[in-house]
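Student: Take this structure, written in structure tokens, and hold onto it; I'll ask about it next.
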Amino acid sequence: MSFDGSTIKALLDGAVSKGAVHGIAAVVVDRGGLRFHHAAGEAGERTMFRNASMTKAVATTAALQLVEKGRLSLDATVESILPAFGRLQVLDGFDSGGPRLRAPATQATVRQLMTHSAGLGYFFLNDKLMSYHQATGEPNALSGQKRSLSAPLINDPGTAWEYGVNTDWLGLVVEELSGHTLSSYLEQNVYGPLGMSDSTFTPSDEQRGRLLRVMQRQIDGQLAPSALDLPPTSEWDAAGHGSYGTVQDYGRFVQAWLNDGAGILGAPTVEMALQNHLGRIKLPELMKSLIPELSNDVPAPPVPQSWGLGFQLTLDDVPGMRSAGTADWAGLFNSYYWIDRSKGIGGVLMTQLLPFFDMPVVKTLMDFEAAVYQQVGATRPA
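Have a look at this one:
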């Protein structure tokens, strides 16, 4: 496929010159490899990024490898692998004695971890969980302290979609069954085979020297250095948010999913993972943020969505853009990706800016995707 990236290059350069971002990088990949790469502003050819929640899909890929090998069942209870998970209770509310907890009605499964329906949440998106941390002083998931994963469930497993620390527990499943740390497992089975040579949970001093600084959108729309960041060290390889890497590295991961697993997964597993695994559970119309410095409210896209194993799924064609069945997700610091297997194209757009779902970045993302599909042929309306 020939690819003229001049429109996208101008778009990214313009986002910097207009003050929308301080640094930004993007890649476009197809099944054959890299088709476009450009970095602008403070971002350069080898800039490192905090992947944040873009870590989730990579960690889920590791778990799917164990499913392929027969070492893990999607419908196994998490408790049967990690007894500590069985000690988690559901947070029903609060009374004068503090949090009111009860046993969950059902046991969460590995599949539910992959679809964010296991009952777990994030402190900055759920008011009950936020109140729990305030009442108990227990650390939250972004503290770097492993005991943060012992926060209670906020729903009975299998009853609702709630974004949370599900993938962190999935990473612990991978560690338990493989006998390796998550970073070591990924190095051997994902990063290494795909040539993701800068992907890591523990950046070296040299890699940290290439890490794009985090900026914060101010009320007046200007950018200023952010006081918020991931902790410099973590007590565990946080499968939900803890990895770092370059935009090219993540492009290699996207390409592998476009390319029937590219040897790290089999084609039937890729096909199976990118089906709707939520059943009758619906996604919320709004993810409401309780910490506006960390994330804006995130509305549901106008096109119907659901979840596969590790990815959000677009259920209908988006005219002029992605196809039905496209997988996507994002990272807290305003980085985004999509994987359109129907069209054989994927893209990654990365910056390091808070709060999440920043509208100038989202507009840049939409324009980026539209420019990509102008090259490959627009999706027709359903």
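So the sequence shown is numbered by my numbering: it starts at 314 and just counts up by one.
Just so you know, even glycine gets a beta-carbon here, dropped at the ideal spot from N, CA and C.
Alpha carbon to alpha carbon, how far is W549 from G690?
Tutor: For W549 and G690, the distance between alpha carbons rounds to 43 Å.
Student: Around the Cβ of R413, are there at least 16 other Cβ atoms within 10 angstroms (buried) or fewer (exposed)?
Tutor: Classification for R413: exposed.
Student: Taking just the CA atoms, how far does L587 sit from P614?
Tutor: Cα-Cα distance, rounded: 18 Å.
Student: At which residues does the alpha helix (DSSP H) containing H446 begin and terminate?
Tutor: Its alpha helix (DSSP H) spans residues D440 to T449.
Student: DSSP puts W642 in a beta bridge; with which residues?
Tutor: For W642, which the question treats as bridged, DSSP gives the partners Y650.
Student: How many angstroms separate the CA atom of R363 from the CA atom of F624?
Tutor: Straight-line Cα distance between these residues: approximately 19 Å.
Student: May I ask you to list the residues that DSSP assigns as paired with A586?
Tutor: According to DSSP, which records beta bridges pairwise, A586 is partnered with nothing at all.
Student: Find the nearest neighbour of A365 within the set R348, G457, L324 and A421, judged by alpha-carbon distance.
Tutor: Measuring from the Cα of A365, the nearest candidate turns out to be G457.
Student: Assign T419 to buried or exposed, taking buried as 16 or more other Cβ atoms, counted over all protein chains shown, within 10 Å of its Cβ.
Tutor: Exposed, since its Cβ has fewer than 16 Cβ neighbours within 10 Å.
Student: Can you look up S539 in the DSSP assignment and give me helix, strand or coil?
Tutor: Looking at S539 - three-state DSSP - the assignment turns out to be coil, as it is neither helix nor strand.
Student: G644: which of A569, A370 and W474 sits nearest, CA to CA?
Tutor: Among A569, A370 and W474, the Cα nearest to that of G644 is on A370.
Student: Nearest to T390 by CA position, among R424, G410, E358 and M367, is which residue?
Tutor: Considering only alpha carbons, the answer is R424.
Student: Run through DSSP, which three-state label would D570 get?
Tutor: In the sequence on display, residue 570 carries Trp and not Asp. W570: helix per DSSP, three-state reduction.
Student: When the distance is taken between beta carbons, is L578 closer than 9 Å to Q378?
Tutor: Yes, the pair counts as a contact, with Cβ atoms nearer than the cut-off.
Student: With DSSP run on the structure shown, which of helix, strand or coil describes R344?
Tutor: Coil at R344, not helix or strand.
Student: Between which two residues does the alpha helix (DSSP H) containing G411 stretch?
Tutor: That residue, G411, is in no alpha helix (DSSP H); its beta strand (DSSP E) goes G411 to R415.
Student: Quick check on DSSP: helix, strand or coil for G354?
Tutor: In this structure, G354 counts as strand in the three-state DSSP scheme.
Student: Do three or more CB pairs link the region 346 to 354 to the region 327 to 338 at distances below 8 Å?
Tutor: Contact between the region 346 to 354 and the region 327 to 338 is present, because at least three Cβ pairs lie under 8 Å.
Student: In angstroms, rounded to a whole number, what distance separates the CA positions of P388 and K459?
Tutor: Correcting the residue type first, residue 388 is Asp in the shown sequence and not Pro. The alpha-carbon atoms of D388 and K459 are separated by roughly 25 Å.
Student: Could you give the C-beta distance for L495 and T373, rounded to a whole number, given that I count them as a contact under 8 Å?
Tutor: Actually they do not touch by this definition, with Cβ atoms about 12 Å apart.
Student: Which residue wins for smallest C-alpha separation from Q568, given the options A333, R348 and G318?
Tutor: Checked all of A333, R348 and G318; the closest Cα to Q568 is R348.
Student: Do you know whose CA, among A375, A323, T664 and F681, lies nearest R530's CA?
Tutor: When each option's Cα is compared against that of R530, the closest is T664.
Student: Which class does G534 belong to by DSSP, given the choice of helix, strand or coil?
Tutor: Correct three-state label for G534: coil.
Student: Leaving out five residues on either side along the sequence, give the residues of the same chain with a beta carbon under 6 Å from the beta carbon of M427.
Tutor: So the qualifying residues of the chain are T373, L622 and G623.
Student: Based on Cα-Cα distance, which residue from G564, V616, S512 and P516 lies nearest to P544?
Tutor: Checking every option, the nearest Cα to that of P544 belongs to P516.
Student: Please state the DSSP three-state secondary structure of S463.
Tutor: If DSSP states are grouped into helix, strand and coil, S463 belongs with the helices.
Student: Can V486 and L591 be called in contact, C-beta distance under 9 Å?
Tutor: No, the Cβ-Cβ distance between V486 and L591 is not below 9 Å.
Student: Between N565 and the rest of its own chain, which residues show a CB-CB distance below 7 Å, the 5 nearest in sequence each way excluded?
Tutor: Going by the sequence as given, residue 565 is Arg instead of Asn. L507, G508 and M509.
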